[in-house]
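Each protein sequence line maps, in turn, to chains L and F. With this note's numbering applied, the first sequence corresponds to residues 7 to 251, in that order. With this note's numbering applied, the second sequence corresponds to residues 3 to 224, in that order. C-beta: ideal position from N, C-alpha, C; glycine also.
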Amino acid sequence: MDVILEVKNISKSYEDITVFENLSLTVKKGEVVVIVGPSGCGKSTFLRCINALESIQDGEILLDGEAIDASSKELPRIREKIGMVFQSYDLFPHLTILQNLMLAPVKVKKTPKAEAEKEALSLLDRVGLLSKKDNFPRQLSGGQKQRVAIVRALMMHPEILLLDEITAALDPEMVREVLDVVLSLAKEGRTMVIVTHEMQFARAVADRMVFIDGGKIVEEGSAQEFFDDPKTERLRQFLNSFSYD
Amino acid sequence: MGFEVLAKGNNALRLLSGLGVAMRISLISVAISIVVGIAIGVIVAGRHPAAFAVFRVYLEIVRIMPQLVLLFIVYFGTTKALGINLDAETASIIVFSFWGCAEMADLVRGALLGIPVIQYESAASLGMPPLMTYRYVIVPQILRRMIPLSINLITRMIKTTSLVMMIGIVEVLKVGQQIIEANRKSSPNAAFGIFATIFFLYFIACWPISRLAAYLEKKWEN
Numbered sequence: 007m008d009v010i011l012e013v014k015n016i017s018k019s020y021e022d023i024t025v026f027e028n029l030s031l032t033v034k035k036g037e038v039v040v041i042v043g044p045s046g047c048g049k050s051t052f053l054r055c056i057n058a059l060e061s062i063q064d065g066e067i068l069l070d071g072e073a074i075d076a077s078s079k080e081l082p083r084i085r086e087k088i089g090m091v092f093q094s095y096d097l098f099p100h101l102t103i104l105q106n107l108m109l110a111p112v113k114v115k116k117t118p119k120a121e122a123e124k125e126a127l128s129l130l131d132r133v134g135l136l137s138k139k140d141n142f143p144r145q146l147s148g149g150q151k152q153r154v155a156i157v158r159a160l161m162m163h164p165e166i167l168l169l170d171e172i173t174a175a176l177d178p179e180m181v182r183e184v185l186d187v188v189l190s191l192a193k194e195g196r197t198m199v200i201v202t203h204e205m206q207f208a209r210a211v212a213d214r215m216v217f218i219d220g221g222k223i224v225e226e227g228s229a230q231e232f233f234d235d236p237k238t239e240r241l242r243q244f245l246n247s248f249s250y251d
Numbered sequence: 003m004g005f006e007v008l009a010k011g012n013n014a015l016r017l018l019s020g021l022g023v024a025m026r027i028s029l030i031s032v033a034i035s036i037v038v039g040i041a042i043g044v045i046v047a048g049r050h051p052a053a054f055a056v057f058r059v060y061l062e063i064v065r066i067m068p069q070l071v072l073l074f075i076v077y078f079g080t081t082k083a084l085g086i087n088l089d090a091e092t093a094s095i096i097v098f099s100f101w102g103c104a105e106m107a108d109l110v111r112g113a114l115l116g117i118p119v120i121q122y123e124s125a126a127s128l129g130m131p132p133l134m135t136y137r138y139v140i141v142p143q144i145l146r147r148m149i150p151l152s153i154n155l156i157t158r159m160i161k162t163t164s165l166v167m168m169i170g171i172v173e174v175l176k177v178g179q180q181i182i183e184a185n186r187k188s189s190p191n192a193a194f195g196i197f198a199t200i201f202f203l204y205f206i207a208c209w210p211i212s213r214l215a216a217y218l219e220k221k222w223e224n
């Protein structure tokens with residue numbers, strides 16, 4: 007399989023606080039990588055570094071062999087290829103659902119309106135929200151907004167999707183509807199890097215699991231190894247904190 | 003009831019032109035306030051501590067000081083102290099703009115700071131360059147928050163122009179007084195008729211504006 011994303015030895019710090027050092031990650035086309043770890047371990051920051059929402063102090067990030075550089079003029083063009091969905095509902099509140107979906111394709115990619123609308127409607131239908139197309143974001147539940155946010159990212163035809171704790175702010179009964187969408191994307195072979203606290207979901211969706219703690223990758227491996235046969239004591243402790251038996 | 007004085011001579015026309023003076027002062031001040039206020043608001047929203055401190059003092063002065071005192075300081079005060087001979091209308095426009103810029107800047111600052119960072123970030127991660135993000139994502143949200151509030155400010159400024167007669171400007175209220183004085187003998191009830199008419203004129207000037215604000219607020223409540 008071809009490599010899409012290569013993160014090489016990146017380091018991130020805020021003044022005198024080091025978030026992580028020398029982190030590396032390679033993601034192949036069609037692969038779903040799930041990153042887990044305790045709160046504050048740097049996993050969300052790591053994800054945000056990938057599309058340069060955070061600057062890095064060291065190392066490099068390559069997408070299709072092209073460097074992602076926060077100071078580059080080319081950054082918007084590279085970001086088109088990286089879809090990102092955030093924890094908080096980040097839809098544009100002044101636009102309807104359909105307008106939210108069409109804005110970036112029409113303005114950035116110059117997709118003809120009719121074409122963008124057709125695609126938006128078919129994707130909305132797929133996530134069960136076609137009837138909401140003319141509603142405003144405030145009229146939707148959290149789970150519905152997150153499904154729209156995923157669709158909005160898909161509208162740009164990204165080569166890779168970054169999902170940053172997209173269910174962390176949702177009521178429990180809405181988590182499922184969002185994760186089902188992500189599972190179906192995984193089935194169709196989307197490349198994704200997912201940060202989550204939902205372990206069962208992680209197990210179901212991941213081709214590869216990565217455990218970050220204290221700014222380092224402590225362990226990584228296939229979902230089965232990772233959950234059934236953790237090699238490190240630290241990961242065992244972490245996984246135990248999710249079970250009640 | 004005293005309305006008959008309106009028909010005498012060109013009294014009705016004089017009242018209208020008085021209203022014209024009031025509207026001219028307020029609209030020029032509003033225009034200055036919008037342009038300069040937006041600039042100040044953007045600067046202050048940059049969170050520079052010194053800029054913010056200066057702005058706080060400015061805003062407090064405007065809010066604490068009665069507009070009338072400001073008018074007197076600028077009109078009478080500058081003549082003696084600085085030897086500048088401002089005409090009354092210029093002095094009024096300075097005072098109203100001084101007030102309007104502060105309030106407008108505060109509205110812009112609040113609206114700008116009220117936009118969550120995630121709005122910039124999600125636009126950026128869709129590949130939108132900064133200018134496009136402002137054009138389609140940030141500015142529309144700021145306008146939606148600001149326009150109803152700034153229209154409210156405009157109607158307050160129109161109403162407050164009634165103070166400028168205190169520095170000798172013959173605006174609608176002053177014209178009214180003059181008409182009443184001149185007709186004291188022939189129409190002793192003129193006060194009611196004239197002031198009721200002025201009430202109506204202010205209403206005509208401000209009502210459509212405040213309706214517009216209410217309409218926009220409703221339309222944009224999402």
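### Task
Note down the Cα distance separating F/Gly178 from F/Arg158, rounded to an integer number of angstroms.
Position 176 of the second sequence, counted from the start, is the residue given in the question as residue 178 of chain F. Position 156 of the second sequence, counted from the start, is the residue given in the question as residue 158 of chain F. C-alpha separation (whole angstroms): 21 Å.
#### Entry: Cβ neighbours of L/Val25 in the same chain (closer than 7 Å, five flanking residues each side left out)
Numbered from 1 along the first sequence, position 19 holds the residue referred to as residue 25 of chain L. Excluding residues within five positions, the ones whose Cβ falls inside 7 Å are Lys18, Ser19, Gly48, Thr51 and Gly221.
### Query
Does the beta-carbon of L/Asp219 have 16 or more other beta-carbons within 10 angstroms, so that it is buried, or is it exposed?
Taking the first residue of the first sequence as position 1, residue 219 of chain L is located at position 213. Flag for L/Asp219 reads buried.
### Message
Can you pull the chain F neighbours of L/Leu146, defined as C-beta to C-beta under 8 Å?
### Response
Residue numbering aside, residue 146 of chain L sits at position 140 when the first sequence is read from its first letter. Chain F residues near L/Leu146: none, gap ~11 Å exceeds 8 Å.
### Message
Do L/Leu107 and L/Ala126 count as a contact pair if the criterion is CB distance below 7 Å?
### Response
Taking the first residue of the first sequence as position 1, residue 126 of chain L is located at position 120. Taking the first residue of the first sequence as position 1, residue 107 of chain L is located at position 101. Note that the C-beta distance between L/Ala126 and L/Leu107 is below 7 Å.
### Message
Between L/Glu106 and chain F, is any beta-carbon pair separated by less than 7 Å?
### Response
Residue numbering aside, residue 106 of chain L sits at position 100 when the first sequence is read from its first letter. Glu is not the amino acid found at residue 106 of chain L; the sequence shown has Asn there. Not an interface residue.
### Message
With distance defined between alpha-carbon atoms, name the residue in F/Ser127, F/Ser212, F/Pro132 and F/Tyr204 nearest to F/Ser164.
### Response
As a position in the second sequence, residue 164 of chain F is number 162, starting the count at 1. Comparing Cα-Cα distances from F/Ser164 to each of F/Ser127, F/Ser212, F/Pro132 and F/Tyr204, the minimum goes to F/Tyr204.
### Short CB-CB distance (under 7 Å) between L/Val114 and chain F
Residue numbering aside, residue 114 of chain L sits at position 108 when the first sequence is read from its first letter. By this cut-off, L/Val114 is an interface position.
### Task
Indicate whether the contact test is met: 3 or more Cβ pairs, each with one atom in the stretch 128-138 of chain L and one in the stretch 146-165 of chain L, closer than 8 Å.
yes
### Query
If contact means a Cβ-Cβ distance below 9 Å, which residues of the stretch 98-128 of chain F contact chain L?
Listed by position, the residues of the stretch 98-128 of chain F near chain L (Cβ gap below 9 Å) are Pro118, Ile120, Gln121, Glu123, Ser124, Ala125, Ala126, Ser127 and Leu128.
### Query
Between which two residues does the beta strand (DSSP E) harbouring L/Lys14 extend?
By one-based count along the first sequence, residue 14 of chain L stands at place 8. It spans Val9 to Tyr20 - the beta strand (DSSP E) in which L/Lys14 sits, taken as one unbroken run.
### Query
Assuming L/Leu68 contacts L/Glu12 under a Cβ cut-off of 8 Å, what Cβ separation, rounded to an integer in Å, is found between them?
Position 62 of the first sequence, counted from the first residue, corresponds to residue 68 of chain L. Position 6 of the first sequence, counted from the first residue, corresponds to residue 12 of chain L. With 8 Å as the limit, L/Leu68 and L/Glu12 qualify as a contact, their Cβ atoms being about 4 Å apart.
### L/Val184 versus L/Gly134: straight-line alpha-carbon distance, rounded
Residue numbering aside, residue 184 of chain L sits at position 178 when the first sequence is read from its first letter. Residue numbering aside, residue 134 of chain L sits at position 128 when the first sequence is read from its first letter. Each residue's Cα considered, the two are about 11 Å apart.
#### Entry: Neighbour list for F/Val139 in chain L, Cβ cutoff strictly below 7 Å
As a working mapping, residue 139 of chain F is identified with position 137 in the second sequence. Ordered by position in chain L, the residues that pass the 7 Å Cβ test against F/Val139 are Phe98.
### Query
DSSP on F/Phe194, reduced to helix/strand/coil?
Numbered from 1 along the second sequence, position 192 holds the residue referred to as residue 194 of chain F. For F/Phe194, the secondary structure class from DSSP, reduced to helix, strand or coil, is helix.
### Message
Can you confirm whether L/Met90, when its beta carbon is compared against all beta carbons of chain F, has any partner nearer than 7 Å?
### Response
Within the first sequence, residue 90 of chain L is the residue found at index 84, counting from 1. Closer than 7 Å: yes.
### Message
Among the candidates F/Leu73, F/Ile160, F/Glu91 and F/Glu105, whose CA atom is the shortest distance from the CA of F/Val38?
### Response
In the second sequence, the residue the question calls residue 38 of chain F occupies position 36. It is F/Glu105.
### Query
Looking at the structure shown, is F/Ile27 part of a helix, part of a strand, or coil, going by DSSP?
Residue 27 of chain F sits at position 25 when you count from the first residue of the second sequence. If DSSP states are grouped into helix, strand and coil, F/Ile27 belongs with the helices.
### Query
Are there three or more Cβ pairs, one per stretch, closer than 8 Å when the stretch 123-136 of chain F is compared with the stretch 57-72 of chain F?
no
### Query
By how many angstroms is the C-alpha of L/Gly89 removed from the C-alpha of L/Ala208?
Position 202 of the first sequence holds residue 208 of chain L. Position 83 of the first sequence holds residue 89 of chain L. A straight line joining the alpha-carbon of L/Ala208 with that of L/Gly89 spans about 19 Å.
### Query
Does the separation of the CB atoms of L/Met215 and L/Phe232 fall below 7 Å?
For the purposes of this step, residue 215 of chain L is identified with residue 209 of the first sequence, where counting begins at 1. For the purposes of this step, residue 232 of chain L is identified with residue 226 of the first sequence, where counting begins at 1. A contact, by the Cβ cut-off of 7 Å.
### Query
Which one of L/Val91, L/Thr32 and L/Asp64 has the shortest CA to CA distance from L/Gly71?
If you number the first sequence from 1, residue 71 of chain L lands on position 65. Comparing Cα positions, the closest option is L/Thr32.
### Task
Could you pull the start and end residues of the beta strand (DSSP E) that L/Asp170 belongs to?
In the first sequence, the residue the question calls residue 170 of chain L occupies position 164. Ile166 to Asp170 is the span of the beta strand (DSSP E), which, as asked, contains L/Asp170.
### Task
Please name the residue, chosen from L/Ser228, L/Glu66 and L/Val114, that lies closest to L/Arg83 on a Cα-to-Cα basis.
Here residue 83 of chain L refers to the residue found at position 77 of the first sequence. It is L/Val114 whose Cα lies nearest to the Cα of L/Arg83.
### Query
Roughly how many whole angstroms lie between the Cα atoms of L/Ala73 and L/Leu191?
Counting from one through the first sequence, the residue named residue 73 of chain L turns up at place 67. Counting from one through the first sequence, the residue named residue 191 of chain L turns up at place 185. In a straight line, the C-alpha of L/Ala73 is about 26 Å away from that of L/Leu191.
### Message
I'd like to know if the stretch 40-54 of chain F and the stretch 76-93 of chain F are in contact, where contact means that at least 3 CB-CB pairs between them fall below 8 Å.
### Response
In short, these stretches do not touch, since the Cβ pair count stays below three.
### Host alpha helix (DSSP H) of L/Phe244 (start-end)
Position 238 of the first sequence, counted from the first residue, corresponds to residue 244 of chain L. It spans Glu239 to Asn246 - the alpha helix (DSSP H) in which L/Phe244 sits, taken as one unbroken run.
### Task
Identify whether L/Arg196 lies in helix, strand or coil by the three-state DSSP scheme.
Numbered from 1 along the first sequence, position 190 holds the residue referred to as residue 196 of chain L. Correct three-state label for L/Arg196: coil.
### Task
Can you grab the Cα-Cα spacing for the pair L/Gly227 / L/Glu239, in whole Å?
As a first step, residue 227 of chain L is located in the first sequence; it is residue number 221 there, counting from the start. As a first step, residue 239 of chain L is located in the first sequence; it is residue number 233 there, counting from the start. L/Gly227 and L/Glu239: Cα-Cα distance of roughly 15 Å.
### Proximity below 7 Å, CB of L/Asp170 to CB of L/Gln105
As a working mapping, residue 170 of chain L is identified with position 164 in the first sequence. As a working mapping, residue 105 of chain L is identified with position 99 in the first sequence. Taking 7 Å as the Cβ cut-off, L/Asp170 and L/Gln105 do not qualify as a contacting pair.
### Query
L/Lys222 by DSSP, collapsed to three states: which one?
Along the first sequence, one-based indexing puts residue 222 of chain L at 216. DSSP places L/Lys222 in strand when its eight states are reduced to three.
### Query
So is L/Gln243 buried or exposed if we call it buried at 16+ other beta carbons inside 10 Å?
As a position in the first sequence, residue 243 of chain L is number 237, starting the count at 1. With fewer than 16 Cβ atoms within 10 Å of its Cβ, L/Gln243 is classed as exposed.
### Query
Taking any Cβ of chain L, which residues in the stretch 140-152 of chain F have a Cβ under 8 Å from it, in chain order?
The residues in question are Pro142, Gln143 and Arg146.
#### Entry: For F/Leu218, the nearest candidate out of F/Gly4, F/Met25, F/Pro142 and F/Ile169 (CA to CA)
Counted from its first residue, the second sequence places residue 218 of chain F at position 216. When only C-alpha atoms are compared, the closest one is F/Pro142.
### Query
If you pair each beta-carbon of the stretch 95-105 of chain L with each one of the stretch 135-144 of chain L, do three or more pairs fall below 8 Å?
yes
### Message
If you reduce the DSSP assignment to three classes, tell me which class L/Arg214 lands in.
### Response
Taking the first sequence and counting its residues from 1, the one referred to as residue 214 of chain L is at position 208. Reduced to three states, the DSSP call for L/Arg214 is strand.
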